[in-house]
Structures are given as structure tokens and as C-alpha cells.
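Everything below concerns the one structure shown next.
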Amino acid sequence: MKYSAFAITLATLSTVFASPIARDADSKSGFLTIPVVRVHAPNNSSVSHIAKRSTIPVSLSNQVYLYLATFDLGTPEQSVTAQIDTGSSDLWVYGPNSNAPGASYDPSDSSTYEYLSNDFSIEYVDGTEINGDWVTDTVTIGSAAVTNQQFAYTNAEASNGLNYGVFGIGFENDESTSSEYTNVPQNLKNQGFISQNAYSLYLDDIDANTGTLLFGGIDEAKYSGSMAVLPIESNSAFQVSVSVVGSSTQGILDSGTSLTYLDSDTVEQIANIYGATWDQSQGAYILNSQPSGNPLVYTFGNVEIQVGLDELFIENEDGSYTLTILPNSETQGINLLGDSTLRSAYVVYQLDSNQIGIAQAKYTSSSNIVPITGSL
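Those letters in the sequence shown? Residues -18 to -1, 1 to 358, per mature numbering (1 follows the signal peptide of the UniProt record, and there is no 0), in order.
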């Protein structure tokens, strides 16, 4: 996410991806599948980046995750890993002098590299700033080799929880440049690998370690019931209308935020339903016994998304439980529906027609992918 004042999600992790992009996702089929791996952010230094805020409840600091994908850059191909983020629009990775454990890109080893400029710059909410170079090179996703793709790399040291770059897949007008360029999702369409600038995101359940980012397609086996189709109500973020506990509001669907942020009154109502009380020392709502009751229901259009208690509450070491929904005072009043909500949903992002499709996620290994050929 790059809403003017706060951070794109990043994290400190030392585990390198074990799963490469599936090469059996033939670009001629009209869609491309990227396996997404969920990894744990193991320490507090990374949490401020992950949560897109300067602080996070101590009780949640060891329960925050992020979703990473591996793809290739350059010729010959160099394998790199970055965090998938629907809340930002730039692809940036670490360079050879960055000491990043998540693999790096060395432009001097690529015959298709072209230098553009040295004015890449992103600043994070905790004051960390990343600077580097804009380049073009080939980005290979599965069987799709996107040529002359603009992205950035930095030789900054990987520190303060920034061990991985970011694969931003949002709108072009949310890019960090002063003038727009064609980002990866749009170039996948422009170069004929998919017919629409659209993709689906399936994070699977809280106990799963993998999910799927599907460019140009919908996996109809991964959701149940009907799919609501909603207009995107912002020109730079995936903001949609939603109702929860009788309150109608708008929220941004953001895979780069681990938790969910709503207005304080709504969060208090949700906490009261389950008997959780505010703990000032934790900065969160705490429940001192095992949570019970019905799932929390979000209503999008005519579709209800049920979020189970295993997503709403995280068990702490002392046997208490922390609510994974926090007041949006920490996100400058912006409602963010992060991974703690999105894991319960199957979400389709149709950028060409400014639509979001959302349905109840169905946790299954089955697959039935159909290409997206027009509006939802």
C-alpha cells in the first residue's frame, strides 16, 4: 500500500522460497498461476512494516504473516522473491550489494537490462527510506516472459525488517513515479499473456502455508455460493462498500496488511459481541477465555462473507486471545480489510472494468480455472 503517508508492507524473514513459479501454467491458456507461500514474521522489528503502522499489539507481534512469490528477472533468469501486495503498484527488488536473504537481482548479469534513472524512492511510516534505480528488463512469470518491464532495484542494506522487495499489483496511478508507466499486470495484458488486466487472489485458510495468485483467471473451485460484483470506489485503491455489525462503510481490500482496521466504534461493537475488553498495555481487545459464538459476517452487495473465530482471535501464550481487528486510528482513519479478513474470501480484482468480485472462500485442493475475458 502506498497511501500517501504510510508503509508498503515488508518484513524480516530469513527463509528463502522453496517453491518456484509453476511452469505448467501455459500463457496460451489465457491465465498464469503464481503459487504464494505464507511465511511468519518472527520478530517485532518487522512488524511495523507488515502492519502498515508504527506499532502493533505485543500479543499479535508473533502472529503476523506475509505472502511471498518467486519469479525471475533478466536474461539469463535470476530467481527473486517479493511480497505480493494489492495495495501498491510498483515492483522493486534488492540488488547484489544489499545482503538480502530473499535473493537479489544483478543487472550486470543480464543481457536484456536497460538503465532508466536513479530516482526510485519510497519512504515508510517508521522513517525507513529505500532508494535505488529504475530499470527495464525481462520479468518471467511462469511461461510468460514480459519484456522491457520497468521496475526498481536497490543496493540498500536489508535491515529494519526489510528483507524482501515488493511485487505491487495495484492501479498504475498509485505508482511511486511522478508519471505513470506500464506495470507488470498491465504488461501481461499488453503483451498478450492475458486478455484482461485482472487477477484472483486465494490465500487459503489460516492453517495453510500456500495460496494462489491467478493472473487473468478465476478458479471456480475455490469459492462457494454466488460472487458479489462491486464497483471499485477509488481510482488508486481497491476500495469497496461493505457492511458489518449493522454499520455501512467502505474498506480497502489489501493483501499487504496482515490485520484488519475499522473505525473504533465498529471495532468496539465487534469486541462486545464476543466479550473482549480493551487492554491499554496491549493496544488491542483481549478475551480471557476461549472465544465462542457465531462467525463475524461482512456483507458485500448481496453476498455474506463469514469470518470464523480462528481468524478473529489469535491465542496468546498466557491462554488469552487477541482480536485481530484494530481501530483505524492507527491507519489515518482508513479502513483496511487485511489478510485476517481476506483469507475467508475469494477475491477477483478486475482493473480494466474497475470491479471487485468477492465470494466465500472454499478451502480445497481442487481447481477449475476459467479465463477472465471481460467484465465480471
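Think of the CB as a built atom: it goes at the ideal place given N, C-alpha and C, for glycine as much as any other residue. Note that this is a predicted model, so its numbers are computed, not measured.
Figure out for me which residue from Gln337, Ser263, Ile112 and Ser326 has the closest Cα to the Cα of Ser80.
For the purposes of this step, residue 80 is taken as the residue at position 98 of the sequence shown. Ser80 has its Cα closest to that of Ile112, out of Gln337, Ser263, Ile112 and Ser326.
Straight-line Cα distance separating Val249 from Gln221:
Stepping through the sequence shown from its first residue, residue 221 is reached at position 239. Stepping through the sequence shown from its first residue, residue 249 is reached at position 267. Computed Cα separation, rounded: 19 angstroms.
Taking DSSP as the reference, what is the three-state secondary structure of Asp321?
Numbered from its first residue, the sequence shown carries residue 321 at position 339. Of the three classes helix, strand and coil, the one that applies to Asp321 here is helix, per DSSP.
Note down, in chain order, each residue of its chain lying with its Cβ closer than 8 angstroms to the Cβ of Leu98, except the 5 sequence neighbours on either side.
In the sequence shown, residue 98 corresponds to position 116, counting from 1. If we look at Leu98 and ignore the five residues flanking it on each side, its Cβ neighbours are Asp115, Trp116, Val117, Thr118 and Gln132.
Terminal residues of the continuous beta strand (DSSP E) containing Pro213?
On the sequence shown, position 231 is the one that residue 213 refers to. Its beta strand (DSSP E) spans residues Tyr205 to Pro213.
Helix or strand or just coil, what does DSSP make of Ala190?
Residue mapping note: residue 190 aligns to position 208 of the sequence shown, counting from 1. Note: Ala190 maps to coil in three-state DSSP.
Cβ-Cβ separation, Tyr243 to Ile312 (assumed contact under 8 angstroms), whole Å:
Start at 1 with the first residue of the sequence shown, and residue 312 comes out as number 330. Start at 1 with the first residue of the sequence shown, and residue 243 comes out as number 261. Residue 312 is actually Glu in this sequence, not Ile. Confirmed, Cβ separation roughly 7 angstroms.
Can you give me the C-alpha to C-alpha distance between Ile188 and Glu105, rounded to a whole angstrom?
On the sequence shown, position 206 is the one that residue 188 refers to. On the sequence shown, position 123 is the one that residue 105 refers to. Rounded to the nearest angstrom, the two C-alpha atoms are 30 angstroms apart.
Enumerate in chain order the residues of its own chain whose CB-to-CB distance from Thr192 is below 8 angstroms, with the five nearest sequence positions on each side excluded.
Position 210 of the sequence shown, counted from the first residue, corresponds to residue 192. So the list reads Ser1, Pro17, Val18, Val19, Arg20 and Asp186, once near-sequence residues are dropped.
For Leu18, the first and last residue of its enclosing beta strand (DSSP E)
Residue numbering aside, residue 18 sits at position 36 when the sequence shown is read from its first letter. Going by the sequence as given, residue 18 is Val instead of Leu. Counting along the chain, the beta strand (DSSP E) containing Val18 begins and ends at Leu14 to His22.
Measuring alpha carbon to alpha carbon, tell me which residue in Asn172, Leu269 and Tyr135 is nearest Glu299.
Position 317 of the sequence shown holds residue 299. Comparing Cα positions, the closest option is Leu269.
Can you tell me whether Gln232 is buried or exposed, with buried defined as 16 or more other CB within 10 angstroms of its CB?
Stepping through the sequence shown from its first residue, residue 232 is reached at position 250. Exposed.
Quick test of your reading: Asp88 and Gly77, contact by CB under 8 angstroms. State the CB separation rounded to the nearest angstrom.
By one-based count along the sequence shown, residue 88 stands at place 106. By one-based count along the sequence shown, residue 77 stands at place 95. Indeed they touch by this definition, with Cβ atoms about 7 angstroms apart.
When Lys344, Leu278 and Asn100 are compared against Met209, the one with the closest alpha-carbon
Here the question's residue 209 lines up with position 227 in the sequence shown. Selected option, being the one with the closest Cα: Lys344.
Tell me whether the beta-carbon of Trp74 lies closer than 8 angstroms to the beta-carbon of Gly147.
Counting from 1 along the sequence shown, the entry for residue 74 is found at position 92. Counting from 1 along the sequence shown, the entry for residue 147 is found at position 165. Yes, Cβ-Cβ distance for Trp74 and Gly147 is below 8 angstroms.
Can you tell me whether DSSP reads Ser223 as helix, strand or coil?
As a working note, residue 223 is residue 241 in the sequence shown. Here Ser223 sits in strand by DSSP.
Between which residues of its own chain and Ala349 is the CB-CB distance below 6 angstroms, once the five residues before and five after are set aside?
Counting from one through the sequence shown, the residue named residue 349 turns up at place 367. Before going on, a small fix: residue 349 reads as Ser here, not Ala. Within the same chain, Ser349 has close Cβ partners Asp201 and Ala203.
To the nearest angstrom, report how far apart Asp101 and Ser177 are at their CA atoms.
By 1-based counting over the sequence shown, the position of residue 101 is 119. By 1-based counting over the sequence shown, the position of residue 177 is 195. Roughly 32 angstroms separates the two Cα atoms.
Apply the 10 Å Cβ neighbour rule to Asp52 and answer buried if 16 or more other Cβ atoms are within range, or exposed otherwise.
For the purposes of this step, residue 52 is taken as the residue at position 70 of the sequence shown. Strictly speaking, residue 52 in this sequence is Thr, with Asp absent from that position. Buried: at least 16 other Cβ atoms inside 10 Å.
What is the DSSP secondary structure of Glu250, counted as helix, strand or coil?
As a first step, residue 250 is located in the sequence shown; it is residue number 268 there, counting from the start. Note: Glu250 maps to helix in three-state DSSP.
Please classify Ser160 as buried or exposed, where buried requires at least 16 neighbouring CB atoms within 10 angstroms.
Against the sequence shown, residue 160 aligns to sequence position 178. Its Cβ having fewer than 16 others within 10 Å, Ser160 is exposed.
Short check: CB of Leu212 to CB of Gln314, under 8 angstroms?
As a first step, residue 212 is located in the sequence shown; it is residue number 230 there, counting from the start. As a first step, residue 314 is located in the sequence shown; it is residue number 332 there, counting from the start. It is not a contact, given that the beta carbons lie outside the stated cut-off.
Which runs of the beta strand (DSSP E) fall wholly inside the segment 289 to 352 and span at least 3 residues, in chain order?
295 to 297, 303 to 305, 307 to 309, 327 to 332 and 337 to 343
Limits of the unbroken beta strand (DSSP E) element including Gln60
To locate residue 60, count along the sequence shown from 1; it is residue 78. Looking at the DSSP string, the run of the beta strand (DSSP E) that includes Gln60 is Gln60 to Asp67.
Tell whether a beta-carbon distance below 8 angstroms holds between Phe175 and Ala219.
What you label residue 175 is simply residue 193 of the sequence shown in a count that begins at 1. What you label residue 219 is simply residue 237 of the sequence shown in a count that begins at 1. In this structure, Ala219 does not lie closer than 8 angstroms to Phe175 by Cβ.
Along the chain, where does the alpha helix (DSSP H) containing Gln178 start, and where does it finish?
Taking the first residue of the sequence shown as 1, we reach residue 178 at position 196. Looking at the DSSP string, Gln178 is not in any alpha helix (DSSP H), and its letter there is neither H nor E.
Flag this pair as yes or no: are the beta carbons of Val330 and Ala180 separated by less than 8 angstroms?
Looking up residue 330 in the sequence shown gives position 348. Looking up residue 180 in the sequence shown gives position 198. Contact flag set, yes.
State buried or exposed for Asp67, treating a residue as buried only when at least 16 other CB atoms are found within 10 Å of its CB.
One-based indexing of the sequence shown puts residue 67 at position 85. Buried, because 16 or more other Cβ atoms sit within 10 Å of the Cβ of Asp67.
Going by DSSP in three states, Tyr146 sits in which element: helix, strand or coil?
As a position in the sequence shown, residue 146 is number 164, starting the count at 1. Tyr146 falls in the coil class under three-state DSSP.
Between the Cα of Gln262 and the Cα atoms of Leu278, Pro309, Ser237 and Asn217, which residue gives the shortest distance?
On the sequence shown, position 280 is the one that residue 262 refers to. Per the Cα distances, Pro309.
Helix, strand or coil at Leu358 according to DSSP, with G and I counted as helix:
For the purposes of this step, residue 358 is identified with residue 376 of the sequence shown, where counting begins at 1. Coil, per DSSP.
In terms of residues, what are the limits of the beta strand (DSSP E) holding Asn270?
Looking up residue 270 in the sequence shown gives position 288. Run containing Asn270: none; DSSP gives neither H nor E here.
Near Trp260, what residues of its chain come up, given a Cβ to Cβ distance below 6 angstroms and the 5 sequence neighbours on each side ignored?
Counted from its first residue, the sequence shown places residue 260 at position 278. Closer than 6 angstroms at the Cβ level, and outside the excluded window around Trp260, lie Tyr267.
Secondary structure at Glu111, three-state DSSP: helix, strand or coil?
Stepping through the sequence shown from its first residue, residue 111 is reached at position 129. Three-state DSSP puts Glu111 in a strand.
Integer Cβ distance of Tyr303 from Val289, believed to fall under 8 angstroms:
Within the sequence shown, numbered from 1, the residue matching residue 303 stands at position 321. Within the sequence shown, numbered from 1, the residue matching residue 289 stands at position 307. About 15 angstroms; that fails the 8 angstroms criterion.
Three-state secondary structure assigned by DSSP to Tyr95
As a first step, residue 95 must be located in the sequence shown, where it is residue number 113. It is coil, neither helix nor strand.
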